[in-house]
Amino acid sequence: MSSLFELIKNNNTRNSLLEALKPKIRKITLENVSRETDLVESILANFSMTVQALEQHGEFIDFQITVVKRNGTDYISEHRHLMFPNLGKFSKLSKINIRNVAILLNLMGTIKERYYLQHTSTIRDIFYSNVELYQKQTRVNYWLQIIASNFKLNNINKLNIVPAQKGLIFSSILLHIDDSIILKPGLIHLIPYINENSKVTIQNDACNLVRQMHLKIFEKEAIFNKVVQNYYNNNNSQASLSDTIFVTGKGYPDTLTKVLIERLSHCLSKDILIRLYVDADPYGINIALSYIKNASNIKSIHYNGVSITQLIKRRGQILPMNYRDYIIAKSTIHRITKQLNSIDLSILGTPYPSLKSELQRQMFWGKKGEMNALYA
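Position one of the sequence shown corresponds to residue 1 (UniProt numbering), numbered consecutively onward.
What follows is the structure, encoded as structure tokens:
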């Protein structure tokens, strides 16, 4: 590294001196990987380049990442640069940038460690391993999604990191998942750890009893528990119990719940009918759309959620819609309309017209309500 005297001597003009004083920057990108071993090798290469640049060459680091952001009803890719150390005047933004670099490196180190130990962790475990750095669990999930997407991985499960179990399932028939997980009938289970390649099968000796499987999905856990209890109490024979699966994601479905719905729809697509039970508000409709997206193989999906008209007629508890509700409703109607323009409306069981009509009624009345008002 040249001294200041040598730099002044070799650069006769002010502009050339300023150019010479600018630090060299090492650009680092997260490359596409196809296997777990490639992922670890790529992480090790990034760590090696970072150490060499900082310790041996005195270079600045520029992590170049791609972030997917929502723009109205569409998603756009935005390229970002994470610089370390800070270049220029230190500010609040600089502090955030440095913390993001620390989070990125820390998470990649954790992924590498989990691979060598052949250990699977939950997002919650990682958050509590360094609460001071992460501060919020959502921040851990956010950066894991960025790492996975930049490495061109389908989801964070490929990083040996899984979300905590949240959703619940009750089945009236024995379910086998990958020949290693058995969900016994008549019991409420946490949705197990499964992936997009898992295979779901039903009990062979009961198949003859099943005319058509019914998958009933509930937004609210309280409604799920009440319906399951009533169903179990009122159905004593195996024949009458052998056709229904109940699922709840306890609000917006987590990754495991969505994967389960996708696997059920894929493995039992010919024999299953889906019914959705959600609140009469824009959030409930969006939850229904989330499930529909993950059940693309199912030809018969019915929206059976409580409607705002029902709540008004029965004088149930209703609330006024706020400005944010209207914005979400408008955006959701736009999404549904685009979907309606791309499908054959003659197909039976298409839920989009019902969902669109329900949102329009909510906006007309300016009211929203919850299922609990009728079913609790």
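Note that the Cβ used here is the ideal one computed from N, Cα and C, for glycine as well. All values reported here derive from a predicted model rather than from experimental measurement.
Your pair F47 and I25 does not check out as a contact, with CB atoms roughly 18 Å apart and the cut at 8 Å. For P282, there is no enclosing beta strand (DSSP E); the residue is found in the alpha helix (DSSP H) stretching over P282 to K293. Contact between T248 and P282 does not hold, since their C-beta atoms are separated by about 19 Å, which reaches or exceeds 8 Å. By the criterion of a C-beta distance shorter than 6 Å, I245 is surrounded in its chain by S171 and L215, once the five residues flanking it on both sides are discounted.
DSSP places S77 within a strand segment (E or B) once states are collapsed to three. Within 10 angstroms of the beta-carbon of S77 lie fewer than 16 other beta-carbons, which makes it exposed. When rounded, the separation of the alpha-carbon atoms in Y252 and K136 is 19 Å. When secondary structure is reduced to three states using DSSP, R314 falls in the coil class, being assigned neither helix nor strand. A check of alpha carbon separations from I173 across L183, D179 and H189 identifies L183 as the nearest. Per the C-alpha coordinates, the member of Y142, M371, E6 and Q317 positioned closest to A222 is M371. Secondary structure at T13: coil, using DSSP grouped into helix, strand and coil.
In the DSSP assignment, I188 falls within the beta strand (DSSP E) that extends over I188 to L190. G284 places its beta carbon 7 Å or farther from that of G316.
With respect to the 7 Å criterion, R114 and N160 are classified as neighbours on the basis of their beta carbons. Inter-residue distance for L21 and V259 is about 53 Å (C-alpha atoms, whole angstroms).
Cβ atoms of I202 and P192 stay farther apart than 8 Å, at about 16 Å. In the DSSP annotation of this structure, S296 is not part of any beta strand (DSSP E), being labelled neither H nor E. If the five residues before and after L359 are omitted, its C-beta is found closer than 8 Å to the C-beta atoms of P282, I285, A329, T332, I333 and I336, all from its own chain and listed in chain order.
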